[in-house]
Each structure stands twice: as C-alpha cells, then as structure tokens.
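In terms of UniProt numbering, the sequence shown opens at residue 1 and continues consecutively.
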Amino acid sequence: MPQLINRRDLAFMLYELLDVESLTEKPRYAQHDRGTFDAIIDAAYRLAEERFQPHAAKLDAQEPYFDGERVHIIAEVKAALDAYIDGGFLAASFDAEHGGLQLPYTVTSAVQGIFTAANAGTAGYPFLTVAAANLLRAHGTPQQQARYMKPMIAGRFFGTMCLSEPQAGSSLADIRTRAIPQPDGRYRIVGNKMWISGGEHELAENIVHLVLARIEGAPPGTKGISLFIVPKFEVQADGTLGRRNGVRLVGLNHKMGYRGTVNTVLSFGENEPCIGDIVGSPNQGLAYMFHMMNEARIGVGLGATMLGYAGYLVSLEYARNRPQGWPPSAKDPTAPPVMIIEHTDVRRMLLQQKAYVEGALALCLYCARLVDEQAVSGDAAQRKELALLLDILTPIAKAWPSEFCLEANKLAIQVLGGYGYTRDYPVERFYRDNRLNPIHEGTNGIQALDLLGRKVMMNDGAAFHLLVGRMLQDAESAAGIPELAEFVDALRAILDTVVQVTQALSRVGAQGKVDLFLANASAYLEMLGHTVIAWQWLRQVRCAQAARAAAYGADADFYEGKLRAARYFYRYELPRAARLAELLLRLDDTCLTMPPSAF
C-alpha cells in the first residue's frame, strides 16, 4: 500500500524543528516522553494502514445512501472507527480528568493527519466529534459536559456543527432557524440546515448537533445568533438515552470528494418537537461556534496537506519505478529507457509537490505547537501573544494548503500520466477529496476577507506586526550562515514589500473605501501565505543545515532534500508574492468595477 507520510520527515518536524519533546518538561505533559509520542504515532500508522486505508477506495465507490428510513454505510467504516476509539485516538488530546490521554495537540494533530491520508471519508467522523467536544469543553456547563462532552470523548456519541442553511450558505447573518423559549428553560428548535457532515448515521449511539439559531426577538444579523445543543436522542440525567428528538434527515448531498463522510440536509422541529439546550449566553452563539470553526480551519489545512502529501508519495514511488523514455542527450537508441524520475520535468513536478506539502505541514504543525504553548504558559502576556499569532495564521493555515496542496494533487496525477486519471491509483481520489477543502469551514475567499479585513488590522495591526517580527527574528538568526544567505535576503526583501503593501491598503481602509480595500483580498492572502511558507522553509533549512554536517547515508540525503526543496520554493514560488504585491500596490479595481452585465 502507498505510504501515508514520510516518517523521517514527520520525526524531523516534531523533534528537530518544533522540539515537541521539550513540552514534557512542563507539568501538563510531564507523564509523557518521546517514547510515548512515538508509540502513539506507530499505533496510529498501523491502524490507519490496516483498518482505514484498505476500504478507502470501496467507500469512495460505494458512498452512503438513504433508503427513506435509514442511512447505509459500508460495514468497514464502523469497524475502523470502533478500533480507532478502542485505541484511545478519539480521546488523545483531552485532559486525563475527562478520560483523555492528555497528549500535546501537536502530536495528536500529526496522528489525525495520518488517518486523513489513509481515508479522508472515514476520518471525518472523529474529526468533527473532537471539534464539537472541544467547544463544549470551552463553553459548556459542567452538566452539559457530563451529559454530552464526556460520551463524545468516549466515542459513544459523535458530533456535528450545523451552521449553513439552504437559503443562506456562508452568510450566517441570514439564518432563519428559530429557538423558541420553553417554560423549563430549554428551547424548541425549528428550521433547516444543509451541508451537515456526519448528520445522520448509525456509527454511534447518539449524534450531538451544535446548532446556530435565533431566539425569537433577538437582534437581526450575526449579533442575534445563539448556539444550541440538539441531540438526535434526548439524554437523561443518568446518561441513558431517551426519546428520539425532532431532528430528521431530509436527504443526502452527494459531493465529488469526501464521499464516505455522509453529508446531510436536516430538518429541526418540522413535524415533531425538537428540543435543545443553549450553550453559554444568548446572542453569543457565533463567538462560541468560532471556537469550533477555528480549530476546524486549522484541521482542514492539515487535512489538505496530508492529502497533498499522500499524492506526492504515490507519484514519487511511481516515478522511481516507471521506465519510460530517454534523456534528450541520449544517443544510443538501443539503450534501456530510464526511470521517469530522471526526466527534468518530472523532477520539477516532484519538487513543486515537495515544496508545497512539506512547507504546509511545517505551518500546520507550527500552529498546533502554538496551541500547546498556550496550554503550558503561565504568563498572561505570552498567552495573549500566542493567541494573536494563531488568529492571524489561522486563515492562512486553512486556505494556503487547501489551494496549493490541491495543486500538488494535480501534479501527482500528471506525473502518473494516463494512469493518474484512472482508479487504478488513488491520486485522482485524493484530488477529488482535496477539492472540497477550499470551501470547507469557510471558502478561501472568506478566509482572505477575514485575514485582511479583520486579523491584519485588529488592535492597530498588533497580530500582523507580531508575525512580521517573528519572521524577521528567524531571518536574523540565520543571517550569519553563508549557505542560507539566499533565503535570508529573499525573505527580508519580501517582508519589506509585504509591510509596504499592508500600510498602503490600511490607508485606503482608513479612508472608508472598504470595497477597494478588500477588492483583492485573495491576492493579499496568497502573497502573505507564500511569505509565511517561505519563512517555514527557512526554519526547516536552518535546522537541516545544522544537522547535515554530522549526517550520512539516508539522513544526509534527507537533509539535502530539504535544502533543494527550499531552493525551489524561493526561486520558483516566492517571486509570485512580489508580483501579487505589485497588483495590490496599484489598488487594482479590475474585479471590483467589472459590471455584472458585461459578463
């Protein structure tokens, strides 16, 4: 079976680049060591290979279906998920007091990525459940945590998040689902939700829906949205299941990818009472839901990375073993054909994939490391700083991998030639699965608006200046290493340009020209995203360069690969950021002023 990830690269990321082992010096993670981390990763890899990967193609071909009464999913999915739960993976990141393993989020993120690479459809169910349980951990009452969160951590209940509606899509201000107060302090929920992943199945005893709705009389727009816990089955005080709640499946959506994660249209309270419990305070639902969404956005970026990485490894193995053609300089027509990895254009496509997926993985795991640093820090000012970094990096960590690791999947198909377009190899499935990630948890366009319109400008640019400062700090620390001079000079130059662009755009925003300010937000995201990935590559090559002198054999090749991939990114990719900066500095209004009638 194809590799799920390069284990040497994962070890490099965790232990050499991010120094995850140092977290065990903190009381929160003192019960662990590198042996613990390696053991959980080894167990995850075995389970992913043995129970997730074998049915990935079958699940894609035989997607869930609704017969009018129940949803049918191939039996291998439940068997895999039961093994996943029994192995402790669902609970891995939660505190010991809640029944978890209290592992660092960086480690559990890597583990989740392995399962996504093996089978994105099956891995989607626990991914959503963990995010829902984390929301209740942060914002639920002790009673709600006992009734709903703990059974989710134990794998008895699965979770969803219900935001979108048929008429509203991403415009959450337009949701119509109503919450009607009841005499007992609970709420009757009435409305419809669409695009709900994991919304109906029999993979768990219960499904806990986290539903955005508007209490009658609440303010219009996003300021009047509240969040509710709406279980498929009522949960009694003693934890046993009661009556079926009024959540009903209307139908299934059939997507081009992630076909194994059942995607639903749900009705709430249409023909029977549907009762929910409010989370936190009224009219604060969107703020609470963003706790789940922001976690999910980083998870989407990591999932996109792993699908790109899996495709890269398939195409790399194919290129190493497929004989075809001769180099242009070959003169002997009787000579045997070379492996296609010997062709320069194939190497180009492999290098491009490597630069994308390993750069994206470094970014996603860096974000996870920031979460861990927040968890162990006793310094309020430091925690605030870490939160600012996460705020500004989240839209980049979601959107950049879901754009460019999708591009990596496209390149993997091309490396395989005609075979890449068939189901004989998984690369076409990886592409279809990954094509959903630019729209998951908010489209990339929404991420761009969030980045430029909110995260870059908030608190007088505090998060932006902090991020630029971090990047400059790493550039300065590498400045004295001759082998890295090319990277340091290029990163400094593009950072100067990024600051110039940001200042120019902020002046336009301050003048009240909001539409012009945000007209090219997507270009801004790509520019800053490429800069951030260049930074992550500098961090990697500095680490690799320091270790390379003492390396030999396969390790020496590994570190050489890091340096070569970084060179490719800086020479072939980073110039795109400069070109985008030119467009942004011109305040180009081509898209803004295009009349709809002219299309």
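From the three backbone atoms N, C-alpha and C, an ideal C-beta is built for every residue, glycine too.
Spatial distance of residue i from residue j (CA atoms)
i: Gly561; j: Arg244; result: 56 Å
i: Leu393; j: Gly140; result: 26 Å
i: residue 612; j: Leu592; result: Because residue 612 is not part of the residues shown, which for the chain are 1 to 599, the question remains open.
i: Leu574; j: Val262; result: 39 Å
i: Arg454; j: Gly285; result: 19 Å
i: Gln414; j: Thr116; result: 22 Å
i: Leu370; j: Asp391; result: 11 Å
i: Ala48; j: Phe89; result: 11 Å
i: residue 603; j: Val427; result: There is simply no residue 603 to check, as the chain begins at 1 and stops at 599 in what is shown.
i: Asp474; j: Ile494; result: 14 Å
i: Gly257; j: Asp332; result: 46 Å
i: Ala408; j: Gly217; result: 49 Å
i: Phe430; j: Ser170; result: 25 Å
i: Pro231; j: Thr443; result: 28 Å
i: Tyr568; j: Gly198; result: 40 Å
i: Val499; j: Arg576; result: 16 Å
i: Leu406; j: Ser164; result: 24 Å
i: Gly469; j: Ala478; result: 14 Å
i: Leu416; j: Ala319; result: 8 Å
i: Arg297; j: Tyr419; result: 33 Å
i: residue 604; j: Lys26; result: Residue 604 is absent from the model: the chain starts at 1 and stops at 599.
i: Ala462; j: Gln374; result: 18 Å
i: Phe558; j: Gln540; result: 12 Å
i: residue 628; j: Leu528; result: What the structure shows of the chain is the stretch from 1 to 599, and residue 628 is not part of that stretch, so it cannot be assessed.
i: Leu313; j: Ser109; result: 20 Å
i: Tyr288; j: Asp424; result: 44 Å
i: Arg28; j: Gly99; result: 15 Å
Cβ-based neighbour list, residue i, same chain, cut-off 7 Å, excluding 5 preceding and 5 following
i: Gly221; result: Ala173
i: Ile439; result: none
i: Ala519; result: Asp589, Cys591, Leu592
i: Leu316; result: Leu350
i: Glu295; result: Ala131, Asn134
Cβ-based neighbour list, residue i, same chain, cut-off 6 Å, excluding 5 preceding and 5 following
i: Glu200; result: Val71, Leu249, Thr264
i: Pro401; result: Gly301, Ala304, Thr305, Ala360
i: Ala44; result: Val111, Ile114
i: Ala56; result: Asn119
i: Glu441; result: Met293, Ala296, Arg297, Val300
Host alpha helix (DSSP H) of residue i (start-end)
i: Tyr115; result: The displayed chain sequence assigns Phe, not Tyr, to residue 115. Unbroken alpha helix (DSSP H) run through Phe115: 105-118.
i: Trp537; result: 521-548
i: Asp555; result: 554-568
i: Gly359; result: 344-376
i: Asp86; result: 75-86
i: Asp38; result: 34-47
i: Asp60; result: 56-61
i: Asp277; result: That residue, Asp277, is in no alpha helix (DSSP H); its beta strand (DSSP E) goes 275-278.
i: Ala397; result: 380-415
i: Thr593; result: 590-593
i: Val338; result: First-last for Val338: undefined, no H or E at that position.
i: Lys150; result: 150-153
i: Arg7; result: 7-11
i: Pro426; result: Here Pro426 belongs to no alpha helix (DSSP H), and DSSP marks it neither H nor E.
i: Phe517; result: 514-518
i: Pro575; result: 575-585
Cβ-Cβ distance between residue i and residue j below 8 Å
i: Val235; j: Arg147; result: yes
i: Ile180; j: Val190; result: yes
i: Gly159; j: Leu128; result: yes
i: Gly303; j: Asn437; result: yes
i: Leu18; j: Tyr309; result: no
i: Ile40; j: Val111; result: yes
i: Ala523; j: Leu584; result: yes
i: Leu266; j: Val279; result: no
i: Ile114; j: Ile5; result: yes
i: Phe487; j: Leu505; result: no
i: Arg186; j: Gly242; result: no
i: His32; j: Leu103; result: yes
i: Ala554; j: Arg548; result: no
i: Thr106; j: Val20; result: yes
i: Thr240; j: Leu212; result: no
i: Arg188; j: Cys274; result: yes
i: Leu587; j: Val501; result: no
i: Ile481; j: Gln536; result: no
8 Å Cβ shell around residue i - same chain, five flanking residues per side excluded
i: Glu65; result: The sequence shown places Tyr at residue 65, rather than the Glu named in the question. Val71, His72, Leu252, listed in sequence order.
i: Asp9; result: Glu358, Leu361, Phe558
Heavy atom of the ligand FAD within 7 Å of residue i beta-carbon
i: Gly217; result: Summarising the ligand content, the structure contains no ligands, and the ligand FAD is consequently not present.
### Unbroken stretches of the alpha helix (DSSP H), 4 residues or longer, contained in the region 430-511
Qualifying alpha helix (DSSP H) stretches, in chain order: 444-450, 458-477, 485-510.
### Task
At 3 residues or longer, and completely inside the UniProt domain "Acyl-CoA oxidase/dehydrogenase middle" (161-268): list those beta strand (DSSP E) runs for me, N to C.
With a minimum length of 3 residues, the continuous beta strand (DSSP E) runs that stay inside the UniProt domain "Acyl-CoA oxidase/dehydrogenase middle" (161-268) are 178-181, 187-197, 206-215, 226-231, 233-235, 241-244, 247-253, 263-268.
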